[in-house]
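Trainee: Oh and the sequence shown: position 47 is 81 in our numbering, straight run, nothing missing.
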Amino acid sequence: MQLLSRESKKARRAFERLRSAAPKIPNIGAISSEIASKEKELEVARVKKVATEKEQTELQENLNAISRRVTDLINRDRVARGRVESLAWLKGQKDAYGELINERASLNEGIRLSQSQHTEAERIVNDVRLNRSTLENRISENERQVNATQERLTVLDDLQAGYAKSQQNESRIEILEQSIAGAAETVDKTRRDLDAARRVLSEARAKQDRFEYEVEQIQTNQTELQNLLSTLETLVQNSKCPLCGFDHGTIEQLRHQIETHRQVSKSATEAHAALRTAQLDLAKATANVNTFEQKLKEREQTNASNARELQTLRANNVSFRNKVAGAGLSVSKLVAQAAEEMDRLRQYVADLNDKLAGDVKARETVNREQTAATEQHKGIQTEIDSKKGRSIQVEKNLNNLLVEAKRRQISLELPAGEIEQNNLVINTEKAEIAATLEQAQQDLENATVAMTSKKQELDTLTSHILELEVAITTKRHQLLSHRAELRELNLESDITSDGLAKLIDLQLDQLVILEEAKQATLNLEVALDAAETSARQLELKELIRSKEISLAQFDEANRKEEEWVRYFTIVLTALQEEQEGAVRRYTDQYGSRTSVIQKRLRAVYGFGDIFLKPVRDRIEVRVKRNNETLRPPDYFSESQQQILVLSIFLTACSTQTWSSFAPILLDDPVTHFDDLNTYSFLDLLIGLLEDSESPRQFIFSTCEEKLFQLARQKFQHLGDRTRFYSFKSIGIDGPIVEVH
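Set out below in structure tokens:
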């Protein structure tokens with residue numbers, strides 16, 4: 035059946051294609067005739083276009099020749115106008131040029147004379163400077179000699195003054211040497227006395243220690259005796275002694291006898307007297323030792339002071355002898371030598387001062403001469419600078435005139451008569467050029483009009499040729515399309531309409547035969563489908579019965595499950611209500627604690643209290659500002675958000691009652707905290723630790739050394755209630771932790 039359907043469809047498509055191609059067969063001849071007519075017309079147009087292009091080329095060459103002639107005339111006219119302007123400019127600038135030439139010559143001569151004067155003035159200034167330099171050197175040398183002589187006189191004065199001081203030092207040195215020698219014996223004797231006193235002190239201290247031990251033992255025994263007497267006194271009931279049985283006559287007499295024994299036992303000991311004697315001996319020995327130590331210290335200090343003074347005096351005398359030797363003198367003949375040399379040096383200084391006075395007056399005269407020569411030199415230099423400045427300006431003006439003359443291609447040296455003659459010749463030439471230029475411009479305009487007309491004619495022919503080529507191409511495409519369709523139908527390209535009609539009838543007969551065979555085959559398939567459908571119906575009825583039984587079983591199971599679904603729905607609703615109620619009760623009861631803890635840590639400036647808002651089974655955190663409820667994350671910084679989260683966490687941990695796990699674990703809770711927030715956090719922990727209603731244990735870790743040390747200081751008053759651990763390193767058995 036499928037094969038017949040495919041063949042029938044194929045035959046029908048072939049029939050439709052043949053029937054659609056039938057109207058196109060008569061058009062093939064007409065299209066071919068039309069293409070031949072268009073091609074002949076195209077050939078004629080192309081020949082005409084070639085002739086027109088040749089005429090256009092000739093006109094273009096004529097137009098170019100006229101344009102070149104017009105351009106040449108315009109350039110000649112421009113040159114003539116320029117020469118006229120240049121002659122007029124030359125006529126106006128000739129006098130100025132002559133004046134500048136004369137002024138330049140005058141300025142050059144004046145500069146030459148001034149430079150000669152300047153050279154002479156400079157020579158005079160140099161001579162005066164040389165004289166002044168010679169005087170300055172001589173004055174400096176004399177002053178140097180005067181200063182050196184004055185320094186020598188000062189040295190001699192100092193040596194004379196120091197000579198008397200050195201003699202006094204020698205006398206003092208002899209006295210100090212004798213004193214130090216005698217003091218050494220005194221110090222030795224004092225040290226021997228001190229050693230003897232220290233031995234006596236050691237013996238007295240040992241004696242005192244021995245008596246103190248004896249007194250301590252006696253006092254211990256006496257204390258026991260006193261206790262026994264007190265006990266015995268409590269046992270007295272009559273005149274008989276409870277200890278020995280002796281009858282003392284009356285109870286008062288017995289008590290008096292007991293008191294007598296008590297008093298005798300306190301005062302009758304010799305040990306106390308010996309101890310007091312030993313203490314007095316120790317005090318005396320100690321005083322003697324202190325006295326000897328003080329004397330020894332004073333004498334050693336005196337000796338040290340004398341030794342230092344002796345060393346200083348000796349160093350001063352050595353320094354003085356070195357100075358005398360450095361001055362080339364002898365200490366033994368110092369006074370006579372110094373006096374003689376000082377008289378000679380004073381006379382030498384007086385002579386130098388006289389020479390200095392004369393040189394100073396000569397220097398003042400030279401200074402006046404130098405000032406006058408310098409002023410004259412400056413005046414001549416100023417005059418030269420002024421003339422050079424004017425000369426530069428004149429040269430600049432001359433250069434400008436020469437540059438302009440060169441640009442105009444004219445000589446400033448041209449006589450006035452030649453200027454007038456050249457002006458007359460140029461004006462005549464200019465008139466001839468103007469007449470010729472007018473005729474040439476008229477010829478250029480006529481040639482341009484002719485060229486424009488010929489170009490329009492050529493454009494029209496080009497457009498017509500293009501239209502013919504497009505029409506021929508279109509017709510050829512149509513012809514090729516018709517022939518391609520015939521080749522697809524396996525027909526000859528020269529087939530006639532009658533031949534195509536016979537092929538269509540033959541294809542129609544084949545199509546009818548295929549349709550009849552298809553109908554017969556279809557009837558047979560319908561009969562077969564009816565039989566197969568009856569058998570399939572029985573199978574489907576049996577399958578439906580089995581599915582209905584399974585559906586009933588599933589309905590029963592579903593009904594049982596729906597009862598559990600309704601039960602768990604009720605439980606879920608109750609749990610949600612309980613959860614929402616718990617959230618609501620928690621926020622009502624403990625919501626304000628979050629705000630209190632947040633303020634204890636650090637309140638946010640400009641914002642009000644923090645409050646917790648129950649929303650079904652969730653808790654929303656809000657803050658108020660100017661009676662407006664806001665979300666904290668939209669306005670708080672990282673540090674402020676950390677404080678808020680920590681406040682909520684501590685509220686939850688400190689109020690939970692559902693677990694017996696009391697410790698609260700905090701891992702580096704001061705992230706983004708500044709120092710003030712850190713202090714507030716530690717103070718808050720101390721307050722929560724001291725809360726007796728809900729005691730909690732806090733365990734927190736940190737990598738901040740500063741927080742660790744601060745916590746140790748803050749919590750040190752808690753004593754054994756706090757523990758601090760610090761990680762040191764990793765060992766073989768694991769981490770090494772130090773307990774503080």
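Just so it is clear, CB atoms sit at the ideal spot from N, CA and C, and this is done for glycine as well.
Being a predicted model, the structure only gives us computed values, none of them experimental.
Within the continuous alpha helix (DSSP H) that includes Asp717, where are the two ends?
Mentor: Mapped onto the sequence shown, residue 717 falls at position 683. That run of the alpha helix (DSSP H) goes 709–723.
Trainee: Any idea if Arg117 is buried or exposed, counting beta-carbon neighbours within 10 angstroms, 16 or more meaning buried?
Mentor: Taking the sequence shown and counting its residues from 1, one reaches residue 117 at position 83. Its Cβ being crowded by 16 or more others within 10 Å, Arg117 is buried.
Trainee: Whose CA, out of Val84, Glu374, Asn165, lies closest to the CA of Glu403?
Mentor: To locate residue 403, count along the sequence shown from 1; it is residue 369. Comparing Cα positions, the closest option is Asn165.
Trainee: When you compare only the Cα positions, how much space is there between Lys489 and Ala114?
Mentor: Taking the first residue of the sequence shown as position 1, residue 489 is located at position 455. Taking the first residue of the sequence shown as position 1, residue 114 is located at position 80. So the alpha carbons of these two residues sit roughly 37 Å apart.
Trainee: Would you mind working out which of Gly362, Ala218, Glu143 sits nearest Leu330, comparing C-alpha positions?
Mentor: If you number the sequence shown from 1, residue 330 lands on position 296. It is Ala218 whose Cα lies nearest to the Cα of Leu330.
Trainee: Is the beta carbon of Ile214 closer than 8 Å to that of Arg348?
Mentor: Residue mapping note: residue 348 aligns to position 314 of the sequence shown, counting from 1. Residue mapping note: residue 214 aligns to position 180 of the sequence shown, counting from 1. It is not a contact, given that the beta carbons lie outside the stated cut-off.
Trainee: Within the same chain, show all residues whose beta-carbon is closer than 8 Å to that of Leu492, passing over the 5 residues directly before and after it, in chain order.
Mentor: Counting from one through the sequence shown, the residue named residue 492 turns up at place 458. If we look at Leu492 and ignore the five residues flanking it on each side, its Cβ neighbours are Lys83, Thr86, Glu87, Gln90.
Trainee: Is Pro667 close to chain D? Criterion is C-beta to C-beta, closer than 8 Å.
Mentor: In summary, chain D is missing from the structure at hand, where a single protein chain is found.
Trainee: If distances are taken between C-alpha atoms only, which option among Leu97, Arg342, Ser67 comes closest to Thr486?
Mentor: Working through the sequence shown from its first residue, we reach residue 486 at position 452. Of the listed residues, the one whose Cα sits closest to Thr486 is Leu97.
Trainee: What does a CB cutoff of less than 7 Å around Glu68 pick up in its chain, not counting 5 residues either side in sequence?
Mentor: On the sequence shown, residue 68 is found 34 positions in, with the first residue counted as 1. Cβ within range, chain order: Lys509.
Trainee: Where do the ends of the beta strand (DSSP E) carrying Glu654 lie?
Mentor: The sequence position of residue 654 within the sequence shown is 620, counting from 1. It spans 652–659 - the beta strand (DSSP E) in which Glu654 sits, taken as one unbroken run.
Trainee: Just reading off the alpha helix (DSSP H) that Val679 is part of, what are its end residues?
Mentor: Indexing the sequence shown from 1 puts residue 679 at position 645. Segment 672–689, the alpha helix (DSSP H) holding Val679.
Trainee: Kindly give me the distance between the Cβ atoms of Asn322 and Ala231, rounded to whole angstroms, as I take these residues to be in contact under 8 Å.
Mentor: Here residue 322 is taken as the residue at index 288 of the sequence shown, counted from 1. Here residue 231 is taken as the residue at index 197 of the sequence shown, counted from 1. 4 Å between Cβ atoms; contact.
Trainee: Just tell me which of Leu432, Val428, Ser760 has its CA closest to the CA of Glu739.
Mentor: In the sequence shown, counting from the first residue as 1, residue 739 sits at position 705. Cα-wise, what sits closest to Glu739 is Ser760.
Trainee: Which residues does DSSP list as the beta-bridge partners of Glu662?
Mentor: Counting from 1 along the sequence shown, the entry for residue 662 is found at position 628. Glu662 is bridged to Arg659.
Trainee: Check whether the Cβ atoms of Asp708 and Ser763 sit closer than 8 Å, and answer yes or no.
Mentor: Against the sequence shown, residue 708 aligns to sequence position 674. Against the sequence shown, residue 763 aligns to sequence position 729. No, Cβ-Cβ distance for Asp708 and Ser763 is not below 8 Å.
Trainee: When you compare the segment 166–177 with the segment 305–314, are there three or more beta-carbon pairs, one atom per stretch, that lie closer than 8 Å?
Mentor: With the cut-off at 8 Å, the segment 166–177 and the segment 305–314 do not touch.
Trainee: Note down the Cα distance separating Gln149 from Arg163, rounded to an integer number of angstroms.
Mentor: Here residue 149 refers to the residue found at position 115 of the sequence shown. Here residue 163 refers to the residue found at position 129 of the sequence shown. One C-alpha to the other measures close to 21 Å.
Trainee: Using a threshold of 8 Å, state whether the C-beta atoms of Leu193 and Lys357 are closer than that.
Mentor: As a position in the sequence shown, residue 193 is number 159, starting the count at 1. As a position in the sequence shown, residue 357 is number 323, starting the count at 1. Yes. Within cutoff.
Trainee: Whose C-alpha, out of Leu76, Ala139, Gln94, is nearest the C-alpha of Lys422?
Mentor: In the sequence shown, counting from the first residue as 1, residue 422 sits at position 388. Checking every option, the nearest Cα to that of Lys422 belongs to Ala139.
Trainee: Counting C-beta neighbours from all protein chains within 10 Å, is the total for His511 16 or more, i.e. buried, or is it exposed?
Mentor: In the sequence shown, residue 511 corresponds to position 477, counting from 1. Looking at its Cβ environment, which holds fewer than 16 other Cβ atoms inside 10 Å, His511 is exposed.
Trainee: Kindly give me the distance between the Cβ atoms of Gln127 and Leu436, rounded to whole angstroms, as I take these residues to be in contact under 8 Å.
Mentor: As a working mapping, residue 127 is identified with position 93 in the sequence shown. As a working mapping, residue 436 is identified with position 402 in the sequence shown. Actually they are not in contact, since the Cβ atoms of Gln127 and Leu436 sit about 11 Å apart, beyond 8 Å.
Trainee: Name the two residues that bound the continuous beta strand (DSSP E) containing Glu738.
Mentor: Translated into positions along the sequence shown, residue 738 becomes position 704. Note, Glu738: premise wrong, no beta strand (DSSP E); not H, not E.
Trainee: Measuring straight from C-alpha to C-alpha, what distance separates Ile506 and Lys72?
Mentor: Translated into the one-based positions of the sequence shown, residue 506 becomes position 472. Translated into the one-based positions of the sequence shown, residue 72 becomes position 38. Approximately 7 Å between the Cα atoms of the pair.
Trainee: Does DSSP put Ile578 in a helix, in a strand, or in coil?
Mentor: By one-based count along the sequence shown, residue 578 stands at place 544. The answer is helix: DSSP assigns Ile578 an H, G or I state.
Trainee: Measuring alpha carbon to alpha carbon, tell me which of Ala99, Ser671, Leu514 ends up nearest Ile65.
Mentor: As a first step, residue 65 must be located in the sequence shown, where it is residue number 31. The shortest C-alpha separation from Ile65 is found at Leu514.
Trainee: Rounded to whole angstroms, how far is the Cβ of Asp111 from the Cβ of Ala468, which I believe are closer than 8 Å?
Mentor: Start at 1 with the first residue of the sequence shown, and residue 111 comes out as number 77. Start at 1 with the first residue of the sequence shown, and residue 468 comes out as number 434. Confirmed, about 7 Å.
Trainee: Quick check: the Cα distance between Ser301 and Ala307, rounded to an integer number of angstroms?
Mentor: For the purposes of this step, residue 301 is taken as residue 267 along the sequence shown, with counting starting at 1. For the purposes of this step, residue 307 is taken as residue 273 along the sequence shown, with counting starting at 1. Its pLDDT being 40, under 50, Ser301 is placed unreliably by the model, and the measurement read from it follows with that caveat. If I take the Cα positions, the gap works out to 10 Å.
Trainee: So, with DSSP's three-state summary, where would you put Gly642?
Mentor: Numbered from 1 along the sequence shown, position 608 holds the residue referred to as residue 642. In the structure shown, Gly642 sits in coil (DSSP, three-state: anything other than H, G, I, E or B).
Trainee: Quick check on the DSSP output: the beta strand (DSSP E) that includes Ser445 runs from which residue to which?
Mentor: Position 411 of the sequence shown, counting from 1, holds the residue named residue 445. It is not in any beta strand (DSSP E) - Ser445 carries neither H nor E in the DSSP assignment.
Trainee: Return helix, strand or coil for Ser299, following the three-state DSSP convention.
Mentor: For the purposes of this step, residue 299 is taken as the residue at position 265 of the sequence shown. No answer about Ser299 holds up, because its pLDDT of 44 lies below 50 and its placement is not dependable.
Trainee: Kindly give me the distance between the Cβ atoms of Thr628 and Thr689, rounded to whole angstroms, as I take these residues to be in contact under 8 Å.
Mentor: Position 594 of the sequence shown, counting from 1, holds the residue named residue 628. Position 655 of the sequence shown, counting from 1, holds the residue named residue 689. With 8 Å as the limit, Thr628 and Thr689 do not qualify as a contact, their Cβ atoms being about 10 Å apart.
Trainee: Quick check on this structure: which residue in Ala372, Ile285, Tyr247, Asp222 has the alpha carbon closest to the alpha carbon of Phe326?
Mentor: If you number the sequence shown from 1, residue 326 lands on position 292. Among Ala372, Ile285, Tyr247, Asp222, the Cα nearest to that of Phe326 belongs to Asp222.
Trainee: For the candidate residues Ile135, Ala70, Val104, Ala122, whose alpha-carbon lies nearest to that of Glu429?
Mentor: By 1-based counting over the sequence shown, the position of residue 429 is 395. When each option's Cα is compared against that of Glu429, the closest is Ile135.
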